[in-house]
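Colleague: In our numbering, the protein residues as written are 260 to 394.
Glycine included, each C-beta is placed from N, C-alpha and C at the ideal position.
Because the structure is a prediction, the values reported are computed rather than measured.
1. Who does residue 315 pair with in a DSSP beta bridge?
2. Using the beta-carbon count (16 or more within 10 Å), is residue 381 buried or exposed?
3. Just checking my contact of residue 316 with residue 337 at CB under 8 Å: how many whole Å lie between their CB atoms?
4. Are the CB atoms of residue 334 and residue 393 nearer to each other than 8 Å?
5. Would you mind stating whether residue 385 and residue 329 have Cβ atoms separated by less than 8 Å?
6. Along the chain, where does the alpha helix (DSSP H) that runs through residue 321 open and close?
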(Lines of atoms letter the chains of each structure in order from A; the text may use other names.)
(Lines give C-alpha, C1' and ligand atoms only; values in the text may rest on other atoms or scores of the structure.)
Protein backbone atom coordinates (compact mmCIF):
# COMPACT_ATOMS: atom_id res chain seq x y z
CA UNK A 260 0.00 0.00 0.00
CA UNK A 261 1.32 3.38 -0.86
CA UNK A 262 0.04 6.92 -0.52
CA UNK A 263 -0.69 7.42 -4.23
CA UNK A 264 -4.09 5.75 -4.60
CA UNK A 265 -7.46 5.57 -2.90
CA UNK A 266 -7.56 3.14 0.00
CA UNK A 267 -10.34 1.28 1.78
CA UNK A 268 -11.31 2.19 5.33
CA UNK A 269 -9.64 -1.06 6.41
CA UNK A 270 -6.36 0.91 6.13
CA UNK A 271 -7.18 2.25 9.61
CA UNK A 272 -6.39 -1.24 10.96
CA UNK A 273 -2.96 -1.35 9.27
CA UNK A 274 0.21 -2.50 10.97
CA UNK A 275 1.74 0.40 12.87
CA UNK A 276 4.11 -1.20 15.34
CA UNK A 277 4.59 -4.00 17.84
CA UNK A 278 1.34 -5.68 18.85
CA UNK A 279 -0.79 -4.25 16.04
CA UNK A 280 -2.53 -6.05 13.17
CA UNK A 281 -0.59 -8.43 10.97
CA UNK A 282 -3.43 -8.85 8.46
CA UNK A 283 -3.09 -5.39 6.89
CA UNK A 284 0.40 -4.25 5.76
CA UNK A 285 1.88 -1.05 7.11
CA UNK A 286 1.44 2.15 5.14
CA UNK A 287 4.61 3.19 3.36
CA UNK A 288 4.78 6.04 0.85
CA UNK A 289 8.16 4.84 -0.43
CA UNK A 290 6.83 1.23 -0.73
CA UNK A 291 9.97 -0.29 0.77
CA UNK A 292 7.90 -3.31 1.89
CA UNK A 293 7.17 -4.38 -1.71
CA UNK A 294 3.48 -4.84 -0.80
CA UNK A 295 2.48 -3.95 -4.37
CA UNK A 296 4.15 -7.03 -5.86
CA UNK A 297 1.80 -9.43 -7.63
CA UNK A 298 0.49 -12.04 -5.21
CA UNK A 299 -2.81 -13.42 -3.97
CA UNK A 300 -2.81 -10.97 -1.01
CA UNK A 301 -5.53 -8.77 -2.50
CA UNK A 302 -7.58 -11.37 -4.40
CA UNK A 303 -11.25 -11.48 -3.42
CA UNK A 304 -14.58 -12.60 -4.81
CA UNK A 305 -15.72 -9.98 -7.32
CA UNK A 306 -19.14 -11.45 -8.14
CA UNK A 307 -22.02 -9.00 -8.29
CA UNK A 308 -25.55 -8.37 -9.50
CA UNK A 309 -26.31 -4.97 -11.02
CA UNK A 310 -29.51 -3.21 -12.04
CA UNK A 311 -27.95 -1.59 -15.11
CA UNK A 312 -30.84 0.08 -16.97
CA UNK A 313 -34.41 0.83 -15.96
CA UNK A 314 -37.05 2.96 -17.65
CA UNK A 315 -40.69 3.68 -16.95
CA UNK A 316 -42.94 5.69 -19.22
CA UNK A 317 -46.49 6.61 -20.06
CA UNK A 318 -48.05 6.88 -23.54
CA UNK A 319 -50.99 9.25 -23.75
CA UNK A 320 -54.10 8.10 -25.59
CA UNK A 321 -53.64 9.08 -29.26
CA UNK A 322 -57.37 9.67 -29.85
CA UNK A 323 -57.62 12.09 -26.92
CA UNK A 324 -54.50 13.92 -28.11
CA UNK A 325 -56.03 14.33 -31.57
CA UNK A 326 -59.14 15.88 -29.99
CA UNK A 327 -57.25 18.14 -27.58
CA UNK A 328 -54.71 19.48 -30.10
CA UNK A 329 -56.98 19.43 -33.18
CA UNK A 330 -54.78 16.85 -34.94
CA UNK A 331 -51.54 18.81 -34.37
CA UNK A 332 -50.08 16.26 -31.88
CA UNK A 333 -50.41 12.57 -32.68
CA UNK A 334 -48.36 10.93 -29.92
CA UNK A 335 -46.87 11.90 -26.52
CA UNK A 336 -44.71 9.72 -24.29
CA UNK A 337 -43.27 10.87 -20.94
CA UNK A 338 -40.54 8.76 -19.36
CA UNK A 339 -37.94 8.52 -16.61
CA UNK A 340 -34.87 6.31 -17.00
CA UNK A 341 -31.73 5.51 -15.05
CA UNK A 342 -28.44 3.67 -15.58
CA UNK A 343 -26.31 1.99 -12.90
CA UNK A 344 -29.12 2.11 -10.38
CA UNK A 345 -27.89 -0.50 -7.89
CA UNK A 346 -25.22 -3.13 -7.34
CA UNK A 347 -25.27 -6.00 -4.86
CA UNK A 348 -21.81 -7.33 -3.99
CA UNK A 349 -19.48 -8.22 -1.15
CA UNK A 350 -16.56 -6.78 -3.14
CA UNK A 351 -14.66 -4.26 -1.03
CA UNK A 352 -13.53 -2.02 -3.92
CA UNK A 353 -15.33 0.91 -5.49
CA UNK A 354 -16.96 -1.07 -8.32
CA UNK A 355 -16.52 -4.77 -9.20
CA UNK A 356 -17.05 -4.03 -12.91
CA UNK A 357 -14.36 -1.34 -13.21
CA UNK A 358 -10.68 -2.21 -13.52
CA UNK A 359 -7.46 -0.24 -14.03
CA UNK A 360 -7.63 3.34 -15.25
CA UNK A 361 -4.33 2.96 -17.15
CA UNK A 362 -3.80 1.38 -20.54
CA UNK A 363 -1.11 -1.21 -21.16
CA UNK A 364 1.53 0.85 -22.88
CA UNK A 365 5.20 1.65 -22.46
CA UNK A 366 5.97 -1.82 -21.12
CA UNK A 367 3.47 -1.84 -18.26
CA UNK A 368 3.24 -5.28 -16.67
CA UNK A 369 0.45 -7.31 -18.27
CA UNK A 370 -0.13 -9.05 -14.92
CA UNK A 371 -1.99 -5.86 -14.00
CA UNK A 372 -5.11 -6.97 -15.90
CA UNK A 373 -8.06 -7.00 -13.51
CA UNK A 374 -6.28 -4.98 -10.85
CA UNK A 375 -8.43 -2.42 -9.02
CA UNK A 376 -5.83 0.14 -8.02
CA UNK A 377 -8.28 2.76 -6.77
CA UNK A 378 -7.64 5.19 -9.64
CA UNK A 379 -10.64 4.22 -11.80
CA UNK A 380 -13.89 5.81 -10.59
CA UNK A 381 -17.04 3.70 -10.21
CA UNK A 382 -19.70 3.90 -12.91
CA UNK A 383 -21.91 6.94 -12.27
CA UNK A 384 -25.63 6.86 -11.68
CA UNK A 385 -27.31 8.76 -14.48
CA UNK A 386 -30.98 9.73 -14.67
CA UNK A 387 -32.94 10.94 -17.70
CA UNK A 388 -36.33 12.58 -17.77
CA UNK A 389 -37.87 13.07 -21.16
CA UNK A 390 -40.81 13.55 -23.44
CA UNK A 391 -41.25 12.29 -26.98
CA UNK A 392 -43.84 14.25 -28.95
CA UNK A 393 -44.90 13.32 -32.48
CA UNK A 394 -46.65 15.89 -34.66
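Modeller: So, to answer that:
1. Position 56 of the chain shown, counted from the first residue, corresponds to residue 315. Bridge partners of residue 315: 339.
2. The sequence position of residue 381 within the chain shown is 122, counting from 1. Per the 10 Å Cβ criterion, exposed.
3. To locate residue 316, count along the chain shown from 1; it is residue 57. To locate residue 337, count along the chain shown from 1; it is residue 78. At roughly 6 Å, the Cβ-Cβ gap stays under 8 Å, so residue 316 and residue 337 are in contact.
4. Counting from 1 along the chain shown, the entry for residue 334 is found at position 75. Counting from 1 along the chain shown, the entry for residue 393 is found at position 134. The answer is yes: Cβ separation under 8 Å.
5. Position 126 of the chain shown, counted from the start, is the residue given in the question as residue 385. Position 70 of the chain shown, counted from the start, is the residue given in the question as residue 329. Not closer than 8 Å, so no.
6. Counting from one through the chain shown, the residue named residue 321 turns up at place 62. Residues 321-327.
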